[in-house]
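Going left to right, the sequence shown walks through residues 10 to 768 as the working numbering numbers them. The beta-carbon is built from N, C-alpha and C at its ideal position, and this holds for glycine as well. These notes are about the structure you will find just below.
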Amino acid sequence: MKNVDSKSHVRGESVYLDDIPLINGTLFACVYDSPVAHGVLKKVEIEEAEKSKGVVKVILAKDLIGENEIGNIFHDEPLFADDEVHFQGMPIALVLAETEEQARIAARKTTVEIEPLEIVTNPRIAFAKNDLIVPPKHFKLGDSETAFKTSKYVFAGRADVNGQEHLYIETQGAYCIPTEQNGIKVYSSTQGPTAVQRCVSRVTGVPMHLIEVDVQRLGGGFGGKEDQANAWAAMCAVGTQLTKRPVKYALHRMEDMRMTGKRHPYSADYRIGLDKDLKIVAYEVVFYQNAGASADLSPPVLERTLFHCTNSYFIPNVTATAYSCRTNLPPNTAFRGFGGPQGMFVIESAIAHAAEKLRVSASEIQQKNLIESGDKFPYGQKAISEAITSWAQADEKFDFAKLQEETDDFNKQNKFIKKGVAVQPICFGISFTKTPMNQARSLVHIYTDGSVAVSTGAVEMGQGVNTKIAQVAARVFSLPIERIKVHTTNTLRIANTSPTAASAAADLNGRATLIACETILERLRKLAAELLKAENVSDISFLDGFIFNKNQPTDLDWVTLVNEAHLQRVNLSEHAHYATAGIHFDWGKASGHPFAYHVYGTAIIGVTVDCLRGIYETDFVKTVHDFGSSMNKIVDYGQIEGGIVQGIGWLTMEEVVYDADGKLRSNALSTYKIPDIYSVPKQIEIVPLETDRENPAIFNSKAVGEPPLMYGIGAYFAIRNAVRAFNSEQSPAFVAPFTPERVLMNLYSEAAREMKAGK
Ligand code: MTE
Ligand code: LUZ
Ligand code: MOS
Numbered sequence: 010m011k012n013v014d015s016k017s018h019v020r021g022e023s024v025y026l027d028d029i030p031l032i033n034g035t036l037f038a039c040v041y042d043s044p045v046a047h048g049v050l051k052k053v054e055i056e057e058a059e060k061s062k063g064v065v066k067v068i069l070a071k072d073l074i075g076e077n078e079i080g081n082i083f084h085d086e087p088l089f090a091d092d093e094v095h096f097q098g099m100p101i102a103l104v105l106a107e108t109e110e111q112a113r114i115a116a117r118k119t120t121v122e123i124e125p126l127e128i129v130t131n132p133r134i135a136f137a138k139n140d141l142i143v144p145p146k147h148f149k150l151g152d153s154e155t156a157f158k159t160s161k162y163v164f165a166g167r168a169d170v171n172g173q174e175h176l177y178i179e180t181q182g183a184y185c186i187p188t189e190q191n192g193i194k195v196y197s198s199t200q201g202p203t204a205v206q207r208c209v210s211r212v213t214g215v216p217m218h219l220i221e222v223d224v225q226r227l228g229g230g231f232g233g234k235e236d237q238a239n240a241w242a243a244m245c246a247v248g249t250q251l252t253k254r255p256v257k258y259a260l261h262r263m264e265d266m267r268m269t270g271k272r273h274p275y276s277a278d279y280r281i282g283l284d285k286d287l288k289i290v291a292y293e294v295v296f297y298q299n300a301g302a303s304a305d306l307s308p309p310v311l312e313r314t315l316f317h318c319t320n321s322y323f324i325p326n327v328t329a330t331a332y333s334c335r336t337n338l339p340p341n342t343a344f345r346g347f348g349g350p351q352g353m354f355v356i357e358s359a360i361a362h363a364a365e366k367l368r369v370s371a372s373e374i375q376q377k378n379l380i381e382s383g384d385k386f387p388y389g390q391k392a393i394s395e396a397i398t399s400w401a402q403a404d405e406k407f408d409f410a411k412l413q414e415e416t417d418d419f420n421k422q423n424k425f426i427k428k429g430v431a432v433q434p435i436c437f438g439i440s441f442t443k444t445p446m447n448q449a450r451s452l453v454h455i456y457t458d459g460s461v462a463v464s465t466g467a468v469e470m471g472q473g474v475n476t477k478i479a480q481v482a483a484r485v486f487s488l489p490i491e492r493i494k495v496h497t498t499n500t501l502r503i504a505n506t507s508p509t510a511a512s513a514a515a516d517l518n519g520r521a522t523l524i525a526c527e528t529i530l531e532r533l534r535k536l537a538a539e540l541l542k543a544e545n546v547s548d549i550s551f552l553d554g555f556i557f558n559k560n561q562p563t564d565l566d567w568v569t570l571v572n573e574a575h576l577q578r579v580n581l582s583e584h585a586h587y588a589t590a591g592i593h594f595d596w597g598k599a600s601g602h603p604f605a606y607h608v609y610g611t612a613i614i615g616v617t618v619d620c621l622r623g624i625y626e627t628d629f630v631k632t633v634h635d636f637g638s639s640m641n642k643i644v645d646y647g648q649i650e651g652g653i654v655q656g657i658g659w660l661t662m663e664e665v666v667y668d669a670d671g672k673l674r675s676n677a678l679s680t681y682k683i684p685d686i687y688s689v690p691k692q693i694e695i696v697p698l699e700t701d702r703e704n705p706a707i708f709n710s711k712a713v714g715e716p717p718l719m720y721g722i723g724a725y726f727a728i729r730n731a732v733r734a735f736n737s738e739q740s741p742a743f744v745a746p747f748t749p750e751r752v753l754m755n756l757y758s759e760a761a762r763e764m765k766a767g768k
């Protein structure tokens with residue numbers, strides 16, 4: 010089963026925001042954003058911009074009819090700066106002009122007077138000033154303090170992991186069109202149509218039922234459009250409200266990189282205690298999250314860092330604390346993994362630290378501590394674990410010892426080229442950690458020619474969710490996939506949607522679709538039984554467009570039955586609701602059962618480091634991955650390959666750089682390097698975990714969107730092992746990304762000493 014979009018993608022016929030045919034009279038928007046990261050906004054001078062050719066209007070905070078507020082979880086984020094600016098790139102004014110170019114030229118003619126305030130970019134400094142977005146969050150299992158006292162080995166250290174630019178190929182944008190009664194139709198490149206609808210409603214003061222948000226598909230979101238598509242839609246909507254004209258804004262790449270938040274950088278302190286058998290008996294960790302200037306999604310991201318702070322290990326005594334620290338950077342936001350990967354990097358660093366000191370391989374400690382079914386995660390949920398099975402199957406298929414031996418042999422024979430391997434188990438919880446978000450709806454229509462239209466709350470962003478939803482309908486009705494069309498995500502057809510996020514879109518919307526289709530099918534089954542004079546309704550079945558009675562073919566076909574249903578006034582439409590059962594979480598006790606299930610897997614990653622240049626290549630990533638049983642292997646393998654490459658990029662070559670003034674230095678593709686075709690692993694081998702276990706996913710096919718990104722963490726440790734194979738004196742600090750520059754400095758002791766001394 011291919012992706013339903015493959016053909017139109019290849020032919021260039023797929024419609025993205027910028028492809029929507031323009032309506033006559035459309036205006037183009039461009040933001041003027043703050044050149045200063047923190048200060049009092051004394052004056053905004055827009056006269057020159059207003060006089061600029063083609064300009065129709067320049068909008069400031071004071072012009073808004075509704076609220077100047079776009080914060081979703083907390084109301085702490087103005088759409089346009091009014092009294093203060095909090096980061097470089099914070100929108101101040103919006104220029105509307107007859108052409109895109111005129112809008113951009115005019116925006117540059119805006120000037121501001123800003124009285125500078127102190128700029129903080131480091132989360133530990135923000136913490137020292139007690140500038141937190143929310144009160145700290147804690148997880149506690151057992152009693153780590155006592156456990157440390159009796160631990161045979163205790164190691165403490167620090168780990169720092171940087172942010173990541175989403176770099177969706179389609180930049181952020183929106184297109185608003187005025188409709189009757191002061192309503193607005195909004196086309197948005199968003200993962201969260203309802204979030205956009207709510208936000209537009211708030212800034213315009215127009216109630217939600219007059220605002221229609223429509224999403225065809227995104228050219229990638231990766232979490233960057235879960236919350237941060239709102240601002241651009243809100244701006245265009247305000248423009249439409251004030252001018253009564255359609256308004257469009259498709260951001261340029263550099264505008265997008267400068268004005269939007271990224272994956273959260275974290276700094277962390279850890280302490281790990283082991284017994285004589287290398288069992289981890291105690292773990293303490295403190296996370297400092299760099300939230301940026303306002304809350305955005307930082308609080309739930311912080312929570313997921315805690316949820317995943319022990320990865321796929323069972324540790325009986327855990328104390329974990331997390332601080333969300335306010336800095337003068339663009340508000341950081343959701344990014345594939347949603348804080349989980351950052352938590353996992355720290356425990357893997359702690360294990361690597363212990364392994365190095367104890368002169369054992371990290372994989373020995375990893376393997377001895379894998380979580381078993383029945384063990385509790387630090388948040389109280391009991392594991393149904395595939396950690397040990399995926400490890401054992403990966404070891405059997407790929408032979409870890411042999412791969413290590415080959416690496417050691419190579420390293421003995423080569424002086425300036427060194428190889429390294431690392432094993433990377435993963436464990437990721439599936440469900441929004443905010444329980445109420447785990448619901449979805451699906452609207453299914455069968456037309457009288459027998460074709461089927463499906464609408465859900467899921468947004469297609471390249472991950473193949475529309476293909477999976479079409480498969481659900483095709484399977485229930487036993488029709489070819491061409492008979493099913495999954496339509497745009499539209500707030501008039503499907504209301505109150507959760508964003509397409511948390512890897513849960515196919516599960517939630519797929520199961521709602523399953524319920525809708527089965528409900529209609531039951532009606533058709535009843536009618537068919539009547540028409541065929543069948544003994545029992547349950548004798549009727551559907552296969553390839555024909556109706557069967559007691560498994561015998563009949564003359565009745567799908568189209569005839571559907572037409573007969575219509576004539577007999579049987580409802581051929583259904584709007585179904587699905588909510589994940591059995592999940593709950595109580596932050597008062599920091600305990601519960603937040604996840605429907607977990608996704609596991611074990612990868613082994615091999616790299617080669619050129620020790621003269623510091624550059625490296627990933628030789629292989631081999632994984633046994635827990636799909637449950639995949640309903641679409643092509644789509645799922647694509648998600649795994651993409652996730653692995655994106656994860657390796659985050660931990661190795663992608664370096665987000667803000668200077669002390671809060672200015673983004675890595676503000677274009679010339680200075681921000683993402684993996685290209687030459688830097689992807691030479692070999693990616695994906696083997697499905699063999700398991701008979703049932704799970705609550707749609708058709709037993711577990712969520713796949715985010716978990717594989719975390720295999721990329723192994724690339725960091727494989728490089729670190731290669732560096733140490735070259736120079737065993739070296740103990741590189743746990744700082745990611747491991748860029749070629751950083752690798753080079755760590756290969757040579759003197760350079761490393763100078764780097765540590767800050768020279
Ligand atoms: N794959 C592609 N091609 N493009 C994307 O933007 N986003 C990822 C993942 N895979 C993304 C992707 C993220 S962050 C999530 S949460 C899931 O897809 C969301 O989709 P799903 O719930 O259907 O898995
Ligand atoms: N978004 C969200 C997410 O709002 N809640 C989550 O738990 C989550 N998890 C992963 C990715 N996005
Ligand atoms: Mo993904 S970070 O849940 O959009």
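Residue state for L227 is assigned as coil, using DSSP reduced to three classes. Counting only runs of 3+ residues, the beta strand (DSSP E) found wholly inside the segment 508-563 occupies 549-552, 555-558, in chain order.
Following the DSSP letters along the chain, one finds C245 inside the alpha helix (DSSP H) bounded by residues 239-252. By the Cβ neighbour-count rule, G232 is buried, with 16 or more other Cβ atoms within 10 Å of its own. For R207, same chain residues with a beta-carbon under 7 Å away, outside a window of 5 residues either side, are M217 in chain order. Bounds of the alpha helix (DSSP H) holding V310 are 307-316. Judged by DSSP secondary structure, G658 falls within the alpha helix (DSSP H) whose first and last residues are 642-660. Shortest gap from the CB of T522 to any heavy atom of ligand 1: 8 Å or more.
Rounded to the nearest angstrom, the Cβ distance from L660 to A731 is 14 Å, too far for a contact under 8 Å. Boundaries of the beta strand (DSSP E) around T611: 606-619.
The segment 190-230 is shown to contain whole beta strand (DSSP E) runs of 3 or more residues at 192-197, 220-224, in chain order. Between the segment 497-506 and the segment 548-565, the count of Cβ pairs shorter than 8 Å is below three; the stretches do not touch. Beyond the five residues adjoining it in sequence on each side, T611 comes within less than 6 Å, by CB distance, of S399, W400, A403, P434, V633 in the same chain, given in chain order.
Taken through DSSP and simplified to helix, strand or coil, H18 comes out as helix. Judged by DSSP secondary structure, N299 falls outside any alpha helix (DSSP H) and instead within the beta strand (DSSP E) spanning 289-301.
Here the alpha carbons of D286 and A361 stand approximately 16 Å from one another.
In the structure shown, F96 adopts coil according to DSSP, grouped into three states. Each of V665, M446, G554, N558 was checked against the Cα of H586, and the nearest Cα belongs to M446.
Beta-bridge annotation (DSSP): I186 is paired with K194. Listed in chain order, the non-local C-beta contacts of Y625 below 6 Å within the same chain comprise V616, V618, I728, local neighbours out to five positions each way being set aside. Bounds of the alpha helix (DSSP H) holding Q375 are 371-377. Taking I707 as the centre and dropping the five residues before and after it, the same chain places the C-beta of K477, V481, A515, D516, G519, R520, L523, M640 closer than 8 Å to its C-beta, in chain order. Per DSSP, E759 has no beta bridge partner at all.
Per the Cβ contact rule, the segment 456-463 is in contact with the segment 555-573 (3 or more Cβ pairs under 8 Å). Residue environment: D265 is assigned as buried (16 or more neighbouring CB atoms within 10 Å of its CB, all protein chains considered). Contact between V665 and G172 holds: CB atoms are separated by about 4 Å, below the 8 Å threshold. For N475, the secondary structure class from DSSP, reduced to helix, strand or coil, is helix.
Under the criterion of beta carbons closer than 8 Å, F743 and A168 qualify as touching, at roughly 4 Å. DSSP, read as helix, strand or coil, puts A277 in strand.
Taking the Cα of G270 as reference, the smallest distance to any Cα among Y258, A590, F344, D278 is reached at F344.
Less than 9 Å divides the Cβ of R280 from the Cβ of A359.
Between the C-alpha atoms of V129 and L621 there is a straight-line separation of about 37 Å. The beta carbon of I393 sits closer than 6 Å to those of S382, all from its chain and outside the five residues before and after it, given in chain order. Take the alpha-carbon of P30 and the one of M99: they are about 30 Å apart. Residue burial annotation: Y606 is buried, with at least 16 other C-beta atoms found within 10 angstroms of its C-beta.
Between the alpha carbons of A46 and P125 lies a gap of roughly 8 Å.
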